[in-house]
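From first to last, the protein sequence lines stand for chains A and B.
According to the working numbering, the first sequence holds residues 1 to 359 in order.
According to the working numbering, the second sequence holds residues 1001 to 1359 in order.
By construction, the Cβ of each residue, glycine as well, lies at the ideal position given by its N, Cα and C atoms.
Number of protein chains: 2
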Amino acid sequence: MNQNARTSVARPASLADVAAMAGVSTGTVSRTLSRPEMISEETRQRVMLAVQKLGYVVNGAARALAMRRSHTIGAVILKFGSSNFAQVVEGLESEVAKKGYTLLLSAPVPDGKTEFAALAAMLARGVDAIALLGFEGLEQASDILSRYPGIPHAHLWGNPLGGGHCIGLDEAHNGHIALNHVADLGHREIGLVWGHVQGPLRYRSRHRMLGVKAAAKKRGVRIVDAACVHTEHGFEQGRIAAEQVLAARTGVTALLCASDYLAVGTIRGLQQNGVRVPEDISVVSFNDNDFSAYMNPPLTTVHLPIREVGMKAAHYLLSGLDEDVGEDTYVLEASLKVRDSCAAVETEKPVVRGRKKRV
Amino acid sequence: MNQNARTSVARPASLADVAAMAGVSTGTVSRTLSRPEMISEETRQRVMLAVQKLGYVVNGAARALAMRRSHTIGAVILKFGSSNFAQVVEGLESEVAKKGYTLLLSAPVPDGKTEFAALAAMLARGVDAIALLGFEGLEQASDILSRYPGIPHAHLWGNPLGGGHCIGLDEAHNGHIALNHVADLGHREIGLVWGHVQGPLRYRSRHRMLGVKAAAKKRGVRIVDAACVHTEHGFEQGRIAAEQVLAARTGVTALLCASDYLAVGTIRGLQQNGVRVPEDISVVSFNDNDFSAYMNPPLTTVHLPIREVGMKAAHYLLSGLDEDVGEDTYVLEASLKVRDSCAAVETEKPVVRGRKKRV
DNA sequence: GAGAACGGTTCCGTAGGACCG
DNA sequence: ACGGTCCTACGGAACCGTTCT
């Protein structure tokens, strides 16, 4: 029919090739593949046979161009490996995959510029929706996104209070949970091993700390300044922090750590200096990573629904694809996992409660 | 010029819009953007101005269709969250991003069927290259891939001995490394906490074990059958395995664990039963996860270049895009990290070597 | 079933200026 | 000063493979 026989081996079969072989038009083939119920049994057979023989498979680019939909969802992720964002991605992927969507992944190293370039690049590739993780300059991102009015987007781990399209946690409440637990166990003087709270969008750290402080005030717990250290999240940073706290000789009976990474490092630092956990100092943290239940001692920690954030985001984005849902924000629930790293004050033995609820 | 003024707000600007505004042809605009050196200073200015004003950004689908290249690399990953594949992905992403490529991610739950559907779907989307992680049915994958002769592909964590396009490790050698260490420290009777080794492509587990056994024979170390358990990788599985080993009362002085996950669980199980590590039983494992140095005790483990596998794969795939490199396989080097979970036999105190080399 | 989008890229051709003898 | 050649910058149009009217 046309001149595509010039190279019979090279190019993969196209719709036209199938149509020619089956003796129908390209439109018919297209419909046979996408809405087979509209095609008569007989021609469908013929078309399918041709498809088989030629090993035809749709060209995603052409399809995306014609449909103005790529069936692709972009995820721009800052600090991929250094935190538990991988789990969020897993949640995202598993849910969008169910609807035939695929994740397009970008993990730029944030410097106030490349992350936005990455976002723009993602958009240029024609993603149908976009998920942002760990962004600190949300306004700037919104700027870019506003140029694509039809593209749903979600800000994961964002500030649920500070604008729309956020899937996040009530960090102040999380702070309450942790502090109430140490207060319940009789601790009256505590320290903090925390992330940084300064900067435009250190939202999570800051609000979680605010929650801790508010609860402390209410419960009559004193947060000893000299036993507070602000650092980056990480095992080693936790270890160093522990030594700093110890050096301050404040006599606090408990330490709140902003993440399990910090907590594990902190506990290690404590133990290296002969301080027992929880007999001498109790530790409560946030996250509930996969390893947290298997530490020595197992970590008492505020379980954050990490994977669920990804899944929720997926549903939100997917629904925004069809109907025009207004901007919405979701706050997910955290819950305390009581294990062994936090004991009642003035006791020499670890509290054994919650041993069977380990997960 | 044409009728695209019907909806002045809706559609994003196209190349034609820019061309119209700048008073040039679409070809010129395209060239201005991709090969500016071919365009005269004066018209380039005009074009760029129009691009600015209209907020023009290329349509990825159209570009992919015209160029027959999507600048996208597919990654099909089995068991995303349950292992350290996230790190491999990170390595992959970081390297392909440098060349302007983006990762398309798919993480099907393997059931012998959906994973291949996922692979096929990825190919249909028009990825330029493809990375496979954790595939067990490589032949079947090759079947599908062979229908796309131009698409470079790599099998990560594959068997470097068993065919091409593999980026992997010499697992037998890794087994040697671990066993030699326990042998050097005087252990003569040891047990194994291992993954399953049966099945078509349990290559890694099997060969690593074969390496251990060969080295054991050479060094006169006895692997006590009753102290060997095969299970899935995971903290909890390790804990259970420890109890099984203990129940067998074999008197082994060291345990080799197939991963740090298993090791952490195993140590936990040991400790819960009053067995000290390494004083009573030593543990050596494989992986060197981020948490491994901060366990109690810190894990002596065979460091696997996880991220590097991803990076190497990226380079391999990228180079296969331009030139036609033949099928090649790479084996990366592992190395022992000596920490505190494995001590010399017949000593009551932990060995302190390697304390300063903690990473 | 025919044919027009969809939005780029790239090949091909040509107008016009520079340069040469 | 003039005709021819080369080169550069650009316009025109075919083409990529689907979908939808």
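- Item | Cβ shell of asparagine 289/A (< 7 Å), same chain only, five flanking positions each side left out | Asn84 and Asp260
Open item on the list: Looking at the secondary structure, which residues open and close the alpha helix (DSSP H) in which tyrosine 1294/B lies?
Closed with: No alpha helix (DSSP H) contains tyrosine 1294/B, which DSSP labels as neither H nor E.
Review point. Secondary structure at threonine 1026/B, three-state DSSP: helix, strand or coil?
Key: helix
In whole angstroms, what separates the C-alpha of alanine 121/A from that of lysine 1217/B? 56 Å
key: Buried versus exposed, by CB contacts within 10 Å (16 or more), lysine 1098/B   = exposed
Let me see if you follow: with CB-CB separation under 7 Å, is threonine 231/A close to chain B or not? no
Bridge partners - leucine 169/A, DSSP secondary structure assignment = Leu332/A
* To do: Would you kindly check if the distance between the Cβ of threonine 1329/B and the Cβ of cysteine 1166/B is under 7 Å?
  => yes
query: Name the chain A residues that come within less than 7 Å of asparagine 1296/B, Cβ to Cβ?
result: Arg268, Gln271 and Asn296
query = Is valine 1325/B near the ligand MN, with its Cβ less than 6 Å from a heavy atom?
reply = Absent from the structure shown: the ligand MN. Ligands present: none.
**OP:** Might you give, ordered along the chain, the residues of its own chain that have their beta carbon closer than 7 Å to the beta carbon of asparagine 159/A, omitting 5 neighbours on each side?
**Re:** Cys166, Gly168 and Tyr203
With distances taken Cα to Cα, identify the nearest neighbour of alanine 172/A among Gly211/A, Ala154/A, Val47/A and Ile190/A.
Gly211/A
Q) To which residues of the same chain is alanine 1013/B closer than 7 Å at the C-beta, ignoring the five residues directly before and after it? A) Leu1054, Gly1055 and Tyr1056
Next item on the list: Less than 8 Å between the CB atoms is what I'm expecting for proline 305/A and glutamate 346/A, so what's the real figure, rounded?
Entry: No, proline 305/A and glutamate 346/A are not in contact; Cβ-Cβ is about 34 Å, not under 8 Å.
### Task
Label leucine 1065/B either buried or exposed according to how many other C-beta atoms from any shown protein chain fall within 10 Å of its C-beta, with 16 as the threshold for buried.
buried
Roughly how far, in whole angstroms, is the beta-carbon of isoleucine 1130/B from the beta-carbon of isoleucine 1151/B, given that I think they are within contact range, below 8 Å? 6 Å
So which residues on chain B does serine 285/A lean against when the C-beta distance must stay under 7 Å? By Cβ distance, chain B contributes nothing, its closest Cβ being about 13 Å from serine 285/A, past 7 Å.
**Item:** Beta carbon of leucine 1299/B nearer than 7 Å to that of serine 1335/B
**Value:** no
Close-in-space but distant-in-sequence residues of the same chain around arginine 206/A (CB under 6 Å, 5 per side omitted):
Val197
Report yes if the CB atom of leucine 1119/B is closer than 7 Å to the CB atom of valine 1076/B, and no otherwise.
yes
Subject >> Neighbourhood of arginine 219/A by C-beta distance below 8 Å, restricted to the same chain and skipping five residues each side >> reply: Leu179, Asn180 and Ala183
Closer than 7 Å, Cβ to any Cβ of chain A: which residues of the segment 1044-1067 of chain B, in chain order? Gly1055, Val1057, Val1058, Asn1059, Gly1060, Ala1061, Ala1062, Ala1064 and Leu1065
Worksheet item: To the nearest angstrom, how far is it from the Cα of arginine 339/A to the Cα of isoleucine 73/A?
Response: 38 Å
_Beta carbon of valine 224/A nearer than 7 Å to that of threonine 253/A_ = no
Considering histidine 315/A, what are the terminal residues of the alpha helix (DSSP H) in which it resides? 306-322
Fill in: Supposed contact pair valine 193/A and tyrosine 1294/B - C-beta distance, whole angstroms, cut 8 Å
At roughly 14 Å, the Cβ-Cβ gap does not stay under 8 Å, so tyrosine 1294/B and valine 193/A are not in contact.
Note to self: I'd like to know whether the C-beta of alanine 1016/B is nearer than 7 Å to at least one C-beta of chain A.
What the structure shows: no
Q) Is leucine 1321/B near aspartate 1128/B, with beta carbons less than 7 Å apart? A) yes
Notebook entry, point to check: Taking the alpha carbon of valine 1051/B as the point to measure from, which residue in Ala1019/B, Val1275/B, Asp1324/B and Gly1269/B has its own alpha carbon closest?
Noted result: Ala1019/B
Beta carbon proximity, glutamate 90/A to chain B, threshold 7 Å: yes
Original post:
Candidates Thr43/A, Tyr101/A and Leu33/A: which alpha carbon is nearest leucine 318/A's?
Top reply: Tyr101/A
Quick check on the DSSP output: the alpha helix (DSSP H) that includes leucine 138/A runs from which residue to which? 138-145
- Quick one: which chain B residues come within Cβ less than 9 Å of phenylalanine 235/A? Asp1290, Phe1291, Ala1293 and Tyr1294
query: Would DSSP call glutamate 1346/B helix, strand or coil?
result: coil
For glutamine 3/A, does the count of other Cβ atoms within 10 angstroms reach 16, so buried, or fall short, so exposed? Residue confidence for glutamine 3/A is low, a pLDDT of 36 falling below 50, so the modelled location carries little weight and cannot support an answer.
In terms of residue numbering, what span does the alpha helix (DSSP H) encompassing serine 1205/B cover? 1203-1219
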